[in-house]
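Quick notes on the structure that follows.
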Amino acid sequence: MIRDGSSPSQQRPRGASLGLPAEGPGSLAAFTTRVGAFLVDSLAAALVAGLFTAPELPGNWSLVSFAVLTVVSLVAAGQTPGMRLLGLRLAHPQPGARLALWRAVVRTGLLVLLVPALLVDADGRGLHDRLTGTAVVRDR
-13 MIRDGSSPSQ QRPRGASLGL PAEGPGSLAA FTTRVGAFLV DSLAAALVAG LFTAPELPGN
47 WSLVSFAVLT VVSLVAAGQT PGMRLLGLRL AHPQPGARLA LWRAVVRTGL LVLLVPALLV
107 DADGRGLHDR LTGTAVVRDR
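What follows is the structure, encoded as structure tokens:
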């Protein structure tokens, strides 16, 4: 029960504990948008893996393709193709710094497991982002 007269909608905005704005560029991305970016990246990875395994289905080679695509694009550009398409980017703990390879590898490894990405905190960040000190934010 709230006794100070404030309504639940006036509670701390998502990302406030990280120093991020409540909305607009730099704010935490919505879960549905992050899932959309993940699906785009998964489809792209399956297509790339399929080029190497055709006429057979790619199977687990899609996971390898996904991991390589994700790590390389996060380190090189700070966003995956799906993130770019949906206007998202990965926020680094030190603004302006490039994402370290270890952060990209750990984050991607946990993302491939999928369950850590579904375990979110009050800010909506998945376990893979909390462990690597990153957050997916809106780019526009």
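Be aware that the sequence shown starts at -13, since it is given in the working numbering, and climbs by one per residue. Glycine included, C-beta positions come from ideal geometry on N, C-alpha and C.
Beta-ladder partner(s) of residue i, from DSSP
i: Val122; result: Leu76
i: Val106; result: Gly112
DSSP state of residue i mapped onto helix, strand, coil
i: Gly95; result: helix
i: Leu6; result: coil
i: Leu14; result: strand
i: Ile(-12); result: Residue placement at Ile(-12) is flagged as unreliable, the pLDDT there being 46, under the threshold of 50; a coordinate-derived value is accordingly withheld.
i: Arg0; result: coil
i: Ala90; result: helix
i: Leu117; result: helix
Other residues of its chain near residue i: CB distance less than 6 angstroms, five sequence neighbours each side excluded
i: Ala90; result: Val57, Leu60, Val61
i: Ile(-12); result: Model confidence at Ile(-12) stands at a pLDDT of 46, short of 50, so the residue's coordinates are unreliable and nothing is read from them.
i: Thr66; result: Asp27, Thr56, Ser59
Supposed close pair residue i, residue j - CB separation, criterion 8 angstroms
i: Arg124; j: Pro11; result: 6 angstroms
i: Ser51; j: Val34; result: 5 angstroms
i: Ala23; j: Leu96; result: Actually they are not in contact, since the Cβ atoms of Ala23 and Leu96 sit about 16 angstroms apart, beyond 8 angstroms.
i: Leu76; j: Leu85; result: 6 angstroms
Secondary structure, beta strand (DSSP E): runs of 3+ residues fully inside the region 16 to 78: Qualifying beta strand (DSSP E) stretches, in chain order: 74 to 77.
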